[in-house]
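Here the sequence shown is numbered in our numbering, starting from 530 and rising by one per residue. All C-beta atoms, glycine included, are put in the ideal place defined by N, C-alpha and C. Being a predicted model, the structure only gives us computed values, none of them experimental. Please read the structure below before turning to the comments.
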Amino acid sequence: MKTDNDWITTPITRDLLRGALDLERTEHGLLPQRLPARARAQNTDPQLAMAASQPSGVRLALRTRATAVELDTLPTKRVYAGAPPRPDGVYDLLVDGRPAGRGSVVGGNTLTIDMTTGTAAVESGPVGTLRFTDLPAGDKDIEIWLPHNETTELVALRTDAPVAPAPDPGRRVWLHHGSSISHGSDAASPTTTWPALAASLGGVELVNLGLAGSALLDPFTARAVRDTPADLISVKIGINVVNHDAMRLRAFAPAVHGFLDTVREGHPTVPLLVVSPLLCPIHEDTPGPLAPDFSGLGEGRLRFVATGDPAERASGKLTLNVIRDELARIVAERAPDDPNLHHLDGRDLYGEADFAELPLPDNLHPDAAAHRRIGARFARLAFTGRGAFAGPAGTG
530 MKTDNDWITT
540 PITRDLLRGA
550 LDLERTEHGL
560 LPQRLPARAR
570 AQNTDPQLAM
580 AASQPSGVRL
590 ALRTRATAVE
600 LDTLPTKRVY
610 AGAPPRPDGV
620 YDLLVDGRPA
630 GRGSVVGGNT
640 LTIDMTTGTA
650 AVESGPVGTL
660 RFTDLPAGDK
670 DIEIWLPHNE
680 TTELVALRTD
690 APVAPAPDPG
700 RRVWLHHGSS
710 ISHGSDAASP
720 TTTWPALAAS
730 LGGVELVNLG
740 LAGSALLDPF
750 TARAVRDTPA
760 DLISVKIGIN
770 VVNHDAMRLR
780 AFAPAVHGFL
790 DTVREGHPTV
800 PLLVVSPLLC
810 PIHEDTPGPL
820 APDFSGLGEG
830 RLRFVATGDP
840 AERASGKLTL
850 NVIRDELARI
860 VAERAPDDPN
870 LHHLDGRDLY
880 GEADFAELPL
890 PDNLHPDAAA
900 HRRIGARFAR
910 LAFTGRGAFA
920 GPAGTG
């Protein structure tokens, strides 16, 4: 058992973190944010605020001889009224790039969400401690990936040997923006969300701007992408626009052009991949809005249904098939003046055969096995052969 005198406490600073666009100082410590302060100031949606504060893809990256690491954090656990408790968020440990442990932090704040009334309340709780011991001796690179779906304030870092920022691995930086599926909904852990898996297979450094429920072509998100250093960029567009019933076809096409124009202001020649929606049968030809089905909530089952009328497509309501056609058209229209702009049909990542084998448990989000399949497919289609991101630093 180590005593207090055995531990070295290292201040948590920006150079020890990867994947966060901002660090917000809180009463307890630091809160990694995946949107910059300016973007957050322009947002009025609690769902987006929560998603941006959940550190999908954010990790501590350390170089050390330590054999034991402790990380104090203050998590915020989500609880849905009428549903069984959700499992604690998962932290993944990598040592020299290889999985070496997994843990959770108990305690923390509790955010209770009542989906029937749209209300939420927070109850304060204690700071908890994540502990990894018996790590290999000698110098090594350690990454601690924070829970992709649990807001996590960083309070203190302790080790039994000095730590320094991990050296720059020299890999290309891939910035990806998308919806809850890109955020990691229903993935098993932070390193097994499909973007994290694809980044590992592609040999790149991930910045994940997957924002659950919030890939809505917001201009402040486009500016965040524009202003973030990146060597490769992808934007996955469509499912949130449909399930929020956020706009009609007349507004959608100019909004996509505007989003891409803004990204190109900061990254004029970076490979830019536009990804259309994965297969989602409830929205293929039926517009939104999306609505929850609470009939199985007490047993921990939540499903979603599309409430629009397919006949409303004639008046410009959006479905996934309409959006796929429009994204393909927009990319083809822009490509002659933008040779580094590419398109990928999301059904090549998850399509009808995949749905038959690995159906969407809630009609909307893929499960952990499907995340693994989508990540492997994206890596093959984007990083190898003639893929948009193929290059010497990738696998192709």
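Asked, Found
"Check whether Met579 and Pro821 have beta carbons under 8 Å apart", "no"
"Given Tyr879 as reference, the closest of Leu546, Pro694, Val804 once Cα atoms are compared", "Val804"
"Supposed contact pair Leu808 and Ile762 - C-beta distance, whole angstroms, cut 8 Å", "Contact flag wrong, Cβ pair sits at about 24 Å."
"Of the listed residues Pro540, Val608, Thr798, nearest to Ala650 (C-alpha basis)", "Val608"
"When Phe749, Phe781, Ala861, Pro616 are compared against Leu577, the one with the closest alpha-carbon", "Phe749"
"Buried/exposed call for Thr573, threshold 16 Cβ in 10 Å", "exposed"
"Cβ shell of Gly925 (< 7 Å), same chain only, five flanking positions each side left out", "For Gly925, the predicted model reports a pLDDT of 27, less than 50, meaning its position is unreliable; a value from the coordinates is still stated below. Cβ within range, chain order: Phe912, Thr913, Gly914, Gly916, Ala919."
"Leu686 vs Leu600 beta-carbon contact at 8 Å", "yes"
"Endpoints, the alpha helix (DSSP H) within which Ser729 is located", "723-731"
"Local conformation of Arg607 per DSSP, three classes", "strand"
"Cβ-Cβ distance between Gly845 and Arg901 below 8 Å", "no"
"Where the alpha helix (DSSP H) containing Thr561 begins and where it ends", "In the sequence under discussion, the amino acid at residue 561 is Pro, which differs from the Thr named in the question. No alpha helix (DSSP H) contains Pro561, which is instead part of the beta strand (DSSP E) from 559-562."
"Element boundaries [beta strand (DSSP E), containing Pro676]", "Segment: none, Pro676 is in no beta strand (DSSP E) and carries neither H nor E."
"Under 8 Å between C-beta atoms of Leu564 and Val624", "no"
"First through last residue of the alpha helix (DSSP H) which encompasses Arg909", "897-912"
"CA-to-CA distance, Val764 to Gly923, given in whole angstroms", "Only weak support exists for where Gly923 lies, its pLDDT of 32 falling under 50; the coordinates are left without a value."
"Pick from His786, Thr593, Pro865 that is closest to Thr688, judged by C-alpha positions", "Thr593"
"Inter-residue Cα distance where the pair is Pro890 and Ala897", "10 Å"
"Contiguous alpha helix (DSSP H) assignments of at least 4 residues, all confined to the segment 773-849", "778-795"
"Touch test, the segment 654-671 against the segment 540-550, Cβ-Cβ under 8 Å, three pairs minimum", "no"
"Beta-bridge partners of His706, as assigned by DSSP", "Leu738, Val764"
"Same chain, Cβ closer than 6 Å to Pro584, five either side skipped, listed in chain order", "Pro561, Leu675, Thr681"
"Continuous alpha helix (DSSP H) stretch holding Pro748: start and end", "748-756"
"Residue from Val702, Pro719, Trp703 whose Cα sits closest to the Cα of Ile710", "Pro719"
"Option in Gly654, Glu734, Ser633 with minimal Cα separation from Ala695", "Glu734"
"Delimiting residues of the beta strand (DSSP E) encompassing Pro719", "Pro719 -> no beta strand (DSSP E), and no H or E assigned at all."
"Three-pair Cβ contact test at 8 Å for the segment 609-618 versus the segment 690-709", "no"
"Phe918 (DSSP reduced to helix, strand or coil)", "coil"
"Test: Trp674 CB closer than 8 Å to a CB of chain C", "Here there is only one protein chain, and chain C is not present."
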